[in-house]
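To start, the structure under review is shown below, and the notes come after it.
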Amino acid sequence: MDAAFSAEQGEIRRTLREVITKRCGPDEVKAAVRTPDGHDTALWGALAEQLGLPGLALPDTYGGVGCTAAELALGVEELGRALAPTPLLATAVLAAPLVLALGTEEQRAAHLPRIAAGELTAALAVPGTGLATALGLVGDNRGDWAGGGRAGGVQARLSDGVWRLYGQAEQVIDGHSAGLLVVAAHAGGFARSRTLLFLVREGAPGMVRARQTALDETRTQARVELRDVEAELLGVDDADVPAALGAVGDVAATVVAAEAVGAAERALERTVEYVQQREQFGRAIGSFQAVKHRLADVYVQVQAARSAAYYAAWAAGAEAAGFGGQGAERAGGLALAQGLDALRTAASEAVQLHGGIGFTWEHEAHLYFKRASGDDLLFGPVHRLRARAAERAGLFEEASPEPEHASPEHASPEHASSEHASPERLPSEKAPVGKAG
């Protein structure tokens with residue numbers, strides 16, 4: 001593994017940081033989230049046209065750049081520093097890879113070039129609040145999370161050659177403004193129960209979308225109601241949808257982990273700047289030993305989370321390239337757990353060390369804390385991310401029980417001699433004492 005960044009990767013980071021610094025300050029973020037779209041459409045257009053960010057990880061065959069998850073993670077890390085509200089996560093990380101992996105050639109050609117150009121935004125809609133489960137981050141996603149043939153979830157039925165959907169999806173990231181929805185639904189009833197993905201276009205009759213009030217307003221969410229909506233099957237009806245969702249989930253966890261690292265680093269930087277300026281008892285509060293220790297602990301945690309996120313990005317890229325060995329493992333869930341922990345700690349310390357101003361809505365410290373809490377609700381919680389990683393690694397599997405009776409040829413000499421010895425020759429017994437004479 002080469003931990004050094006290439007010149008191209010460094011250029012991606014530098015260019016993106018310049019754009020974000022100029023056009024996405026705290027005031028711009030607060031203004032953008034209050035627009036009907038929930039993000040700055042002008043900024044999104046600049047990211048697409050000037051940097052090709054939506055198509056960064058898409059093949060050049062469909063108008064993309066052809067980079068890996070490592071470059072995508074670096075780009076999103078810069079967006080995370082400013083908490084920039086964009087549809088990048090929903091479009092390029094969750095929806096587009098599913099179209100690429102499962103879609104027919106006609107479906108790919110119809111949607112991926114428009115996504116890469118920034119003309120089309122997309123979102124992944126899963127039933128209820130089961131996004132983390134559907135992505136395989138907190139449990140096995142081969143269960144009944146899509147409906148399981150019972151009431152609830154999203155149900156799909158085939159009638160006269162046309163698929164129709166009925167149900168509801170909550171917590172659809174950027175679902176209220178996306179031009180294309182990738183909907184996970186249960187089909188086949190009990191006879192042929194399976195989960196399929198469907199494409200639903202904006203304005204489809206019977207679809208009702210409403211933006212939800214979310215804890216993290218920089219990550220917009222929507223409720224999508226499907227009332228006998230005509231839909232297009234993504235790919236074929238025997239596709240391994242859970243496996244595709246699991247692969248997308250690992251990359252998504254890696255990207256969100258990198259985003260959390262960027263946000264945590266920026267929260268730490270702002271706090272360090274503040275404690276160097278704020279004076280108490282005639283000296284800067286940053287000169288007190290207790291404050292230094294707290295910030296040093298945050299720094300160590302952020303750097304550890306960055307290392308985990310970069311490794312997960314490298315591993316995801318190695319797996320996509322077909323490399324074996326360590327590259328085949330999925331480290332996104334663990335990296336996400338560490339990134340969310342680092343962000344929560346950094347944001348909490350930022351609120352505390354900023355004093356009274358840190359608790360007000362005017363200051364942006366609360367935005368970083370809400371991002372950590374919101375992502376924990378969407379993709380976690382953290383302890384379940386770690387438990388799932390441990391389950392995959394088999395850390396808590398029970399050892400095979402030892403056979404009760406070993407065969408004679410495998411028995412130890414002591415066991416064999418004691419088992420076949422006559423009773424009068426057992427070493428634990430004493431010879432009877434007879435009378436003299």
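Here the sequence shown stands for residues 1 to 437, numbered as in this note's numbering.
Glycine residues also receive a C-beta, built at the ideal position from the N, C-alpha and C atoms.
Remember, it's a predicted structure, so these values are computed and weren't measured experimentally.
{"Item": "Is the region 333-353 in contact with the region 86-106, if contact means three or more CB pairs nearer than 8 Å?", "Value": "no"}
{"Item": "If you run the structure through DSSP and keep just helix, strand and coil, what is F288?", "Value": "coil"}
{"Item": "Output the boundary residues of the beta strand (DSSP E) element that contains T68.", "Value": "Note, T68: premise wrong, no beta strand (DSSP E); not H, not E."}
{"Item": "Ordered along the chain, which non-local residues of its own chain (more than five positions away) have a Cβ less than 7 Å from that of A438?", "Value": "What is shown of the chain runs 1 to 437, which leaves residue 438 out entirely."}
{"Item": "In angstroms, rounded to a whole number, what distance separates the CA positions of D376 and D160?", "Value": "43 Å"}
{"Item": "Ignore the nearest five residues each way along the sequence and tell me which others in E170's own chain have a CB closer than 7 Å to its CB.", "Value": "G128, T129, R223"}
{"Item": "Where DSSP assigns a beta bridge to E232, which residues make up the other side?", "Value": "L199"}
{"Item": "Skipping 5 residues on each side, what residues in its chain have a beta carbon closer than 6 Å to that of R121?", "Value": "Reading off the sequence shown, one finds Thr at residue 121, where the question assumed Arg. Here the set comprises P87, T91, A178, G179."}
{"Item": "Specify the secondary structure class of R114 as computed by DSSP and reduced to three states.", "Value": "helix"}
{"Item": "Do the CB positions of R81 and G262 come within less than 8 Å of each other?", "Value": "yes"}
{"Item": "Please go through the same chain and pick out, in chain order, the residues whose beta-carbon is closer than 7 Å to the beta-carbon of Y299, but skip the five residues on each side of it.", "Value": "L268"}
{"Item": "Within the continuous alpha helix (DSSP H) that includes S373, where are the two ends?", "Value": "365-379"}
{"Item": "For the ligand NAP, I want to know if A243 counts as a neighbour, meaning its beta carbon is within less than 7 Å of at least one of the ligand's heavy atoms.", "Value": "Here there are no bound small molecules, and the ligand NAP is not part of this structure."}
{"Item": "Output the distance between the C-alpha atoms of G322 and E78, rounded to the nearest integer angstrom.", "Value": "Below a pLDDT of 50, predicted positions are generally treated as unreliable, and G322, at 42, falls in that range; no measurement from the model is reported."}
{"Item": "What's the call for L16, buried or exposed, on a 16-neighbour Cβ count within 10 Å?", "Value": "buried"}
{"Item": "Run through DSSP, which three-state label would V302 get?", "Value": "helix"}
{"Item": "State the Cα-Cα distance for the pair L197 and G136, rounded to the nearest angstrom.", "Value": "16 Å"}
{"Item": "With a CB to CB cut of under 8 Å and the five nearest residues on each side skipped, what residues in its chain are close to L215?", "Value": "K370, S373, G374, L377"}
{"Item": "What is the DSSP secondary structure of E265, counted as helix, strand or coil?", "Value": "helix"}
{"Item": "Please state whether DSSP places R81 in a helix, a strand or coil.", "Value": "helix"}
{"Item": "Give every residue of the same chain whose Cβ lies closer than 7 Å to the Cβ of P54, excluding the five residues on either side of it in the sequence, and list them in chain order.", "Value": "A48, L88, T91, A92, I115, A116, G118"}
{"Item": "The beta strand (DSSP E) with V162 in it runs from where to where?", "Value": "162-173"}
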